[in-house]
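Only one structure is covered here, and it is reproduced in the block below.
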Amino acid sequence: MTVRIVVLAKQVPDPETPPSQFKIDESTNSVIPPNGVPLVVNGFDLNAVEAALLLRDGGADVEITVLSVGNEFVMDAMKKPLAMGADRLVLVDDEGLDKIDSSATVKVLAAAIEKDGPFDLILGGRQASDWDQAHVTLGLAEVLGLPLVSLVQKLELNGDSVSLQRVIPDGYQAITAPVPAVLTITNELGEPRYPNLRGIMQASRKKPEIFSLADLGLSAGDLAPKLELKKLYVPESNKQVELIEGEDEADSGKKLALRLREEKLI
Amino acid sequence: MTTILLVAERDQQGEISQASLQSVAAASGLSDAQITVAVTGEASGSASSLPVEKVVSISEISSGDSGIYEQATADVAALVASTNPDVVLFNKSDFGSVVGARLAFRTDSAFAADCTEISNASGSVSVTRPVYGGSALAEFEIASSPAIVTLRAGAYEPTSKTGSPSVETAAAGSADIRASVTDTVAEARDGVRLEDANFVVSGGRGLGGPEPFSVLTDLANALGGAVGASRAACDAGWIDHSHQVGLTGKSVSPDVYVAVGISGASQHMAGCSSSRAIVAINKDGDSNIFKEARFGVVGDWEKVLPSFLATVRELKA
């Protein structure tokens, strides 16, 4: 029987943006998109896509659906999981989703999963690289009433249960969970694969399936934020570096050690 | 009156953790605060002398439920239902992140994770949290109650006060434990734990490969410290992910943090910014790490580090 997996994915500004290019419009409390910085799928979500693909590589009969919630999707970015090997792309695309908070995101994801499901596994990345929130996937497990295991680095399907390795500071825990289950996948799983040419060609022919809020029976009123953003700003750094300069680089190294000793730091 | 339920954690010795003592300080700073601390297991040791009104003992975390925390979530949810606190405070730890998020969505409450500041000076609760990997700070107001908040370690000084709280045992919440831990596998590690080290030397993309980490290890050994790495170096496979420092790795707070060939992306700095002194060694004088460091050498690590190590050894001799 086909195992249906849904992977949650979020579109974010490329986190490799140099800090010097990072700017905020304080009048609207939003980030000014830096010139030339592309939108990408959150890198941690690609770890979750990779986890699903590894199950397929291992011989499981899986169908991989990528689900995202937002507005103004950049299709080149959002199709990357398809190019890696995912089967379907489902987008909840609605103007009303422009500035929602994580509690509303969870509501929309839950409604989309109910409409498009049932799914055997719901996978998310460990966190998003924009707002660094790590709780959408965790919250979704609560709202759907499913078992949750976070920080999974390895998974194996055994019929109606999954065997998991969950990362802890000095090793891992072996965990068994019944299916359906919600899992967050961590980057210890390994690098997401690069799409090959055939994958890119196939992805270019696939069309996303698009839901509006109305399709899910939701309205803007259901999505009122619980947190009100009052101010978004770039913190001022008041640190002044003391550069150690010797006659040459080796001498700088020596002087650095002596300076740290002088400060009783070593 | 502001009622606060603070869910505390224990360190390896079973005492209330430094991070939880920081949370106690944060809670005490709220105006008209009345604090109840929930602690897993028996409220003995430092738990019974916290400077708060009440300490409530909840179920011990069983080995099968460790890391999943179904029981702790149920226990805290039951406490929240019976006591209606205005604020529920956790540490931004594995435990706090999982239990806090589950509690918030179970009770349909507001959740603010990884905050560096909490106040209620203006009447309602407001929090500040770093976003975009620390490139920006966001300030939020939380109108609904309870506000469920996790606090980043190092954001507050731990409380040094003591008190004599009343001690109670809470009734356990009803938990549906479905996933369970069957085994815990410790990976071999030599030397001092990264999180506990007073000296950390970390390498990044600028090292160019796995071999240079042996020089870093020599330096760490000379100072009784530990070796860290940036995510780039770990993802490249130069060193194991257990060495990763940063937002998605470990948080360290040594006396000295030496960053070698690390550009200082805010995601990395999030894991080391509470170090007493950051020392940067990087070829590129324009890289961000020099904006964060207290001491810096602009130069090639291959030339700087050996003489640094030799001098350290002489000083230690």
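These protein sequence lines are chains A and B, in that order.
First residue of the first sequence: 0, per numbering that gives the first Met the number 0; consecutive thereafter.
First residue of the second sequence: 0, per numbering that gives the first Met the number 0; consecutive thereafter.
Positions of the beta carbon are idealized from the N, C-alpha and C atoms, including for glycine.
Check	Outcome
Chain A within 8 angstroms of residue 222 of chain B, Cβ atoms only	yes
Near-chain A residues of the segment 222 to 244 of chain B (beta-carbon distance less than 7 angstroms), N- to C-terminal order	222, 234, 240
Buried or exposed by the 16-neighbour rule on C-beta atoms within 10 Å, applied to residue 22 of chain A	exposed
Best match in A:202, A:100, A:123 for proximity to residue 219 of chain A [C-alpha to C-alpha]	A:100
Listed by chain order, chain B residues near residue 241 of chain A by CB distance under 9 angstroms	292, 293, 294, 295
Contained beta strand (DSSP E) runs [length at least 3] in the segment 218 to 246 of chain A, N- to C-terminal order	226 to 232
C-beta atoms of residue 307 of chain B and residue 256 of chain A nearer than 8 angstroms	yes
Under 8 angstroms between C-beta atoms of residue 143 of chain B and residue 112 of chain B	no
Near-chain B residues of the segment 104 to 127 of chain A (beta-carbon distance less than 9 angstroms), N- to C-terminal order	105, 125, 126
Nearest-angstrom Cα separation, counted from residue 97 of chain B out to residue 112 of chain A	22 angstroms
Sub-8 angstroms separation of residue 174 of chain B and residue 69 of chain B beta-carbons	yes
Cβ-based burial, residue 73 of chain A [other Cβ within 10 Å; buried from 16]	exposed
Buried or exposed by the 16-neighbour rule on C-beta atoms within 10 Å, applied to residue 184 of chain B	exposed
Beta-bridge partners of residue 182 of chain A, as assigned by DSSP	A:122, A:148
Nonlocal neighbours in the same chain, by C-beta distance under 8 angstroms from residue 160 of chain A, ignoring five residues either side	175, 176, 177, 178
Beta strand (DSSP E) runs wholly inside the segment 18 to 101 of chain B, at least 3 long, in chain order	32 to 39, 53 to 57, 86 to 90
Pick from A:126, A:71, A:4, A:25 that is closest to residue 247 of chain B, judged by C-alpha positions	A:126
Assigned secondary structure, residue 140 of chain B (DSSP; H/G/I helix, E/B strand, else coil)	strand
Alpha carbon of residue 30 of chain A to alpha carbon of residue 98 of chain A, nearest angstrom	12 angstroms
Residue of B:168, B:310, B:141 minimising C-alpha distance to residue 55 of chain B	B:168
Below-8 angstroms beta-carbon distance, residue 307 of chain B vs any chain A residue	yes
Residue span of the beta strand (DSSP E) that contains residue 277 of chain B, given as start and end	276 to 281
Nearest to residue 62 of chain A (by Cα), restricted to the options A:228, A:196, A:54	A:54
Under 8 angstroms between C-beta atoms of residue 84 of chain B and residue 4 of chain B	yes
Beta strand (DSSP E) segments (min. 3 residues) lying fully within the segment 141 to 195 of chain B	146 to 150, 165 to 168, 179 to 185
Delimiting residues of the alpha helix (DSSP H) encompassing residue 301 of chain B	300 to 315
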